[in-house]
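What follows is a single structure, written as structure tokens, with notes after it.
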Amino acid sequence: MKLAFLRCAILALGGAASITACAGDAVTPAAPTGRAASPGFTAPGPDISSFLSGALAREVTTEPCTLSGGAATTCYRITVVGLPVDHPVGPFCPPTTSSTAVEGGIWFDGDGLYDLDGEFIEGLALLYGDDNWLLYDEDGNVNVTAAREAFEGAARPDVAPEYQNHCVEGRLAWLPGGQPVATTVLIPTSPVAAAAPTSNARFLGVTLNGVRIDGSAPVRDILRAYTIAAFDDCGGHFNPVEGYHLHASMGCSGIEVDGHGRHFAYALDGYAVFTAHGAASGLDQCGGHDSDGLGYHYHAAPAAENLVVRCLTGEIAKQ
Ligand SMILES: [Zn+2]
Ligand SMILES: [Zn+2]
5 MKLAFLRCAI
15 LALGGAASIT
25 ACAGDAVTPA
35 APTGRAASPG
45 FTAPGPDISS
55 FLSGALAREV
65 TTEPCTLSGG
75 AATTCYRITV
85 VGLPVDHPVG
95 PFCPPTTSST
105 AVEGGIWFDG
115 DGLYDLDGEF
125 IEGLALLYGD
135 DNWLLYDEDG
145 NVNVTAAREA
155 FEGAARPDVA
165 PEYQNHCVEG
175 RLAWLPGGQP
185 VATTVLIPTS
195 PVAAAAPTSN
205 ARFLGVTLNG
215 VRIDGSAPVR
225 DILRAYTIAA
235 FDDCGGHFNP
245 VEGYHLHASM
255 GCSGIEVDGH
265 GRHFAYALDG
275 YAVFTAHGAA
285 SGLDQCGGHD
295 SDGLGYHYHA
305 APAAENLVVR
315 CLTGEIAKQ
């Protein structure tokens, strides 16, 4: 596809620290703008039957939970499998400076969305105004993390010198046991509007096709190490700890709803997330609105913004 993406920062590291890194505290999105969420909106709770076959690692259960505002209620315990069940992942890094957009994924840095093709790789020094960028050798081969060790060394905040100036990509085979990493989350069965939106969350929700949605990729850390944490054309990538996860919505999956865009996820607060396509005007600061028949829901932000949902207007269960 012809966009530019970035890979997420993904990559995180080898331990819990990496989750933090990838999830986004290094990237501070611009303060949300727009209308404040209406305190009176309502929405149905998550419809578990909307998850695609194979997207759930185990049966969804219901249990007591406490929301961020202190209310006691019930939540669904949802475990997604950790890979999209309806489309393949990748490609991520372009192999050479002659590669076309088809051979690579995308990169997004909060300011723009780019195709990861050979031309993008050659233009990094100019794009980021730093002549230390050099992601390819004299034969035009792109420096790509070609082994698990390189992936784990580059997908972390403190990138070793030998892995700087690399395009970073992971593979399913390099995850623990060579298996997808499942993610479990508690989501309110009946969403409750919060007193104020929550932004900069590290974990935003789960998709109907089996993937976790993280907050912004830590682009500043990634670029500081002269790395590109490549995303595939669907806005996801691997890190060694979380496995495959999304940092942007590219409209690769979802259920078309009355010409309103595609419902593809549930946010942690229990509200549905739709693609940006078909979004109505008058969205609130988080990209949400309350529409007839659908109740309150979000529309994903443009991928260039390096996040799927700008903020969450509902209360979140203590996990
Ligand atoms: Zn990531
Ligand atoms: Zn809508």
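So the sequence shown is numbered by our numbering: it starts at 5 and just counts up by one.
In this text, a Cβ means the ideal position worked out from N, Cα and C, and glycines have one as well.
Every value quoted in this text rests on a predicted model; they were computed, and no experiment measured them.
With 16 or more other Cβ atoms from the protein chains shown falling within 10 Å of its own Cβ, Arg216 counts as buried.
Between Val64 and Ile82, the C-beta spacing is below 8 Å.
For Pro244 against Gly174, the beta-carbon gap comes to about 7 Å, under 8 Å, which counts as contact.
Gly86 and Ser253 have their alpha carbons spaced roughly 16 Å apart. In the structure shown, Phe155 falls within a helical segment according to DSSP collapsed to helix, strand and coil. Here Ala221 really is in contact with Asn310; their C-beta atoms are around 6 Å apart, less than 8 Å. The beta strand (DSSP E) runs of length 3 or more contained entirely in the segment 83-122 are, from start to end of the chain, 110-112 and 117-119.
Distances taken from the Cβ of His91 to the heavy atoms of ligand 1 include none shorter than 7 Å.
In the DSSP assignment, Asp294 falls within the unbroken beta strand (DSSP E) covering Gly292 to Ser295.
Ala59 has its Cβ no nearer than 7 Å to any heavy atom of ligand 1. As computed with DSSP, Glu246 is found in no beta bridge at all.
Under the 10 Å beta carbon count, Pro201 is surrounded by 16 or more other beta carbons and is classified as buried.
In the displayed model, Asp288 falls within a strand according to three-state DSSP. Judged by pairs of C-beta atoms under 8 Å, the segment 200-214 does not touch the segment 115-135, as fewer than three such pairs exist.
Judged by DSSP secondary structure, Asp273 falls outside any alpha helix (DSSP H); it is assigned neither H nor E.
Residue burial annotation: Thr187 is buried, with at least 16 other C-beta atoms found within 10 angstroms of its C-beta.
Contact between the segment 255-263 and the segment 178-197 is absent: fewer than three C-beta pairs spanning the two stretches fall below 8 Å.
Counting other Cβ atoms within 10 Å of its Cβ, Asn147 reaches 16 or more and is therefore classed as buried. The DSSP-derived three-state label of Gly182 is helix. Ser57 is classed as exposed because its beta carbon has fewer than 16 other beta carbons within 10 Å across all chains shown.
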